[in-house]
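Listed in order, the protein sequences are those of chains C and X.
Quick note on my numbering: the first sequence kicks off at -5 and runs consecutively.
Quick note on my numbering: the second sequence kicks off at -5 and runs consecutively.
What follows is a single structure, written as structure tokens, with notes after it.
There are 2 protein chains.
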Amino acid sequence: MNVENLGCNKSFGGWHKQYSHYSEVLNCTMRFAIYLPPQASSGDKVPALYWLSGLTCTDENFMQKAGAHRIAAELGIAIIAPDTSPRGDDVADDEDYDLGKGAGFYVNATQAPWSRHYRMYDYVLNELPELAESMFPVSDQRSISGHSMGGHGALVLALRNSERYRSVSAFSPISNPVNCPWGKKAFGAYLGKDTASWAEYDASILMREATAFVPALVDQGEADDFLEEQLKPELLEAAAKRSGYPLELNRHEGFDHSYYFIASFIERHLRFHAGHLAR
Amino acid sequence: MNVENLGCNKSFGGWHKQYSHYSEVLNCTMRFAIYLPPQASSGDKVPALYWLSGLTCTDENFMQKAGAHRIAAELGIAIIAPDTSPRGDDVADDEDYDLGKGAGFYVNATQAPWSRHYRMYDYVLNELPELAESMFPVSDQRSISGHSMGGHGALVLALRNSERYRSVSAFSPISNPVNCPWGKKAFGAYLGKDTASWAEYDASILMREATAFVPALVDQGEADDFLEEQLKPELLEAAAKRSGYPLELNRHEGFDHSYYFIASFIERHLRFHAGHLAR
């Protein structure tokens, strides 16, 4: 296994570390970051929150801007943040910010030229946790969270794999991608014109049909510029009502799509996950 | 007064705002950021912490990465973060990261070509607080803090203007710039070859001679790559001992020069300043 440490910073008594590794699933070298709380230094395994970032982000945005280390250190939770797409000179890309690199949308692409590398769904579900659980004192008690495109990814991964995640949360998720410009563009490229295949990556469709439940928390800012056209939390809410899904969805007056919103409410999310990871 | 709002984000119930304005002192358009805690929304004046960033930074680094809004919101303190140098196409620059734009060193340059714009000392001491106190519900109860080059700037401003600041703190400051490569290079360019004029911008020299005291808190990571060659906190400590200066200087095992260090200890700094601002 070809894993390289890229950096290491002490943070709130624990350690923030960045790694590169060759991903068999994605056919390229990938980067991820992990925050190991002080409790992991004893060698005891700690539970892990997987964090999926939004469009244009890397492994760094959440680690630097969310203010999450403080609470993770208190609660004894590791945080694992992958990059948002495959990377490298031979990876297909697009000049737009919302397709290609930085915009993997956490799906397994089926269409050329994307299908050779863009398999972020499998990477986050399987390869990354296997690697993390083999390298670090991190247990298989997993929760998952994310922002915007990453909120979509977290919801879809949890909704399709209720046995793998104890809890799921999202900030400002793309709630119904088959029905918004970002989702239509990405799914059309990665999954093709047959929209039937899109449903398995749509949180609102999956939640409406759900029979196995992962406790879910969603926060949404009401001053978010993307709220009406791209995010559509009301459709996720309607889907949860239909299936009786345990979704708590909160709206917050004045908050936008930025990391200032995430930082303002991340403590609540981490405590929510800690409550489920401890069971 | 030509002031333009560039952006506005709700954060922990308060507001992060960015502005540009024409600076008469610096002869160019400048940017700064302010965090207004929820207590400022009532119109009551709140005290202000001025934050000076390090080399290559802008008004954004501290606001995004320090996790300070949470505590400022609790304590009712505004945070005001200027850019680290004059900016603009007609502002003198250097190809190195540690001279010119992003590296103003909080001095008033006396040497061409720098003296036309590089007057960050006067800007932070006078023009910026005058602007902030006229625009926002911010009082003239001021404290000052900073990181690295900004830690140097904060210490120098407080040491030379004990009547203007209630307290001062610094993370990893350049403690004795007349005696380290960063300082010698910048002071040589901005202030000229006559090293006698450098002393008024050297925290260790000023602290050794001090007769008026501003309570001072300094934190330094022991795994900081710049510790021995550039930062030299032991010289600040020796100076404080000589003059009986009220300096608390703490060293922290394993912490480096990054914002992860700042985030880990910013709460302590804000509570320190709040204690002095409340008097």
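Heads up, the beta-carbon is just placed ideally off N, CA and C, and yes, glycines get one too.
Because the structure is a prediction, the values reported are computed rather than measured.
Nonlocal neighbours in the same chain, by C-beta distance under 6 angstroms from residue i, ignoring five residues either side
i	result
Gly98 of chain C	Thr78, Ser79, Tyr112 and Met114
Gly7 of chain X	Pro32 and Ala67
Ala210 of chain X	Val162 and Leu241
Gly248 of chain X	Ala217
Ser191 of chain C	Leu185
Ala338 of chain C	Because chain C spans -5 through 273 in this model, residue 338 of chain C falls outside it and cannot be assessed.
Inter-residue Cα distance where the pair is residue i and residue j
i	j	result
Ala72 of chain X	Pro131 of chain X	9 angstroms
Glu193 of chain C	Arg202 of chain C	The question names Glu, yet the displayed sequence has Ala at residue 193 of chain C. Distance between the alpha carbons of Ala193 of chain C and Arg202 of chain C is about 11 angstroms.
Lys11 of chain C	Ala148 of chain C	22 angstroms
Gly186 of chain C	Lys178 of chain C	10 angstroms
Asn244 of chain C	Pro123 of chain C	29 angstroms
Thr104 of chain X	Tyr254 of chain C	40 angstroms
Ala164 of chain C	Gly145 of chain C	4 angstroms
Asp250 of chain X	Gln58 of chain C	15 angstroms
Trp9 of chain X	Phe26 of chain C	32 angstroms
Ala206 of chain X	Ala60 of chain C	39 angstroms
Val101 of chain X	Ser109 of chain X	10 angstroms
Ser17 of chain C	Pro107 of chain C	18 angstroms
Ser156 of chain X	Asn3 of chain C	35 angstroms
Ile65 of chain X	Arg265 of chain X	8 angstroms
Ala232 of chain C	Leu221 of chain C	16 angstroms
Gly37 of chain X	Leu0 of chain X	22 angstroms
Trp176 of chain X	Tyr195 of chain X	13 angstroms
Lys235 of chain C	Ser252 of chain C	28 angstroms
Ser139 of chain C	Arg158 of chain C	13 angstroms
Val19 of chain C	Asp90 of chain C	24 angstroms
Gly182 of chain X	Glu127 of chain X	34 angstroms
Val150 of chain X	Ser133 of chain C	49 angstroms
Residue j beta carbon less than 8 angstroms from that of residue i
i	j	result
Leu46 of chain X	Val118 of chain X	yes
Glu263 of chain X	Gly215 of chain X	In the sequence under discussion, the amino acid at residue 263 of chain X is His, which differs from the Glu named in the question. The answer is no: Cβ separation not under 8 angstroms.
Ser169 of chain X	Pro227 of chain X	yes
Asp88 of chain C	Gly82 of chain C	no
Phe259 of chain X	Asp218 of chain X	no
Gly174 of chain C	Glu223 of chain C	According to the sequence provided, residue 174 of chain C is Cys. The question's Gly does not apply to it. Going by C-beta atoms, Cys174 of chain C is nearer than 8 angstroms to Glu223 of chain C.
Gly48 of chain X	Met129 of chain X	no
Cys22 of chain C	Gly96 of chain C	no
Pro167 of chain C	Ala197 of chain C	yes
Leu43 of chain X	Ser137 of chain X	yes
Val208 of chain C	Thr189 of chain C	no
Ala152 of chain X	Asp92 of chain X	no
Arg154 of chain X	Leu225 of chain X	no
Cutoff 8 angstroms; reference residue i; Cβ partners in own chain excluding five residues on either side
i	result
Ser5 of chain X	Tyr29, His63 and Ala67
Ile256 of chain X	Phe56, Lys59, Ala60, His141 and Phe165
Ser135 of chain C	One detail in the question is off: residue 135 of chain C reads as Gln in this sequence, not Ser. Within the same chain, Gln135 of chain C has close Cβ partners Pro41, Ala42, Arg160 and Leu271.
Met24 of chain C	Ser14, His15, Tyr16, Ser17, Pro76, Asp77, Pro80, Arg81 and Tyr117
Asp53 of chain X	Gln12, Arg25, Phe26, Ala27, Ser47, Ala75, Pro76 and Asp77
Tyr239 of chain X	Met201, Ala204, Phe207, Ala210 and Ala233
Ser237 of chain C	Met201, Arg202, Glu203, Ala204 and Thr205
Coarse secondary structure for residue i, derived from DSSP in three states
i	result
Glu18 of chain X	coil
His251 of chain X	coil
Arg158 of chain C	coil
Asp7 of chain C	According to the sequence displayed, residue 7 of chain C carries Gly and not Asp. Residue state, collapsed to three classes: coil.
Gln33 of chain C	helix
Leu93 of chain X	coil
Thr23 of chain X	strand
Glu127 of chain C	helix
Val85 of chain C	coil
His270 of chain X	helix
Asp213 of chain C	strand
Asp134 of chain C	strand
Pro227 of chain X	helix
Ala72 of chain C	strand
Val118 of chain X	helix
Ala246 of chain C	Residue 246 of chain C is actually His in this sequence, not Ala. Residue state, collapsed to three classes: strand.
Asn55 of chain X	helix
Leu221 of chain C	helix
Ala42 of chain X	strand
Leu49 of chain C	coil
Any chain B beta carbon closer than 8 angstroms to residue i
i	result
Asn155 of chain X	No chain B is part of this structure, whose protein chains are labelled C and X.
Cβ neighbours of residue i in the same chain (closer than 7 angstroms, five flanking residues each side left out)
i	result
Leu125 of chain C	His15
Ala268 of chain X	Leu69 and Ile71
Val85 of chain C	Cys22, Lys95 and His111
Glu261 of chain C	Ile65
3 or more residues per run - each beta strand (DSSP E) lying fully within the region 137 to 199 of chain C: 162 to 165
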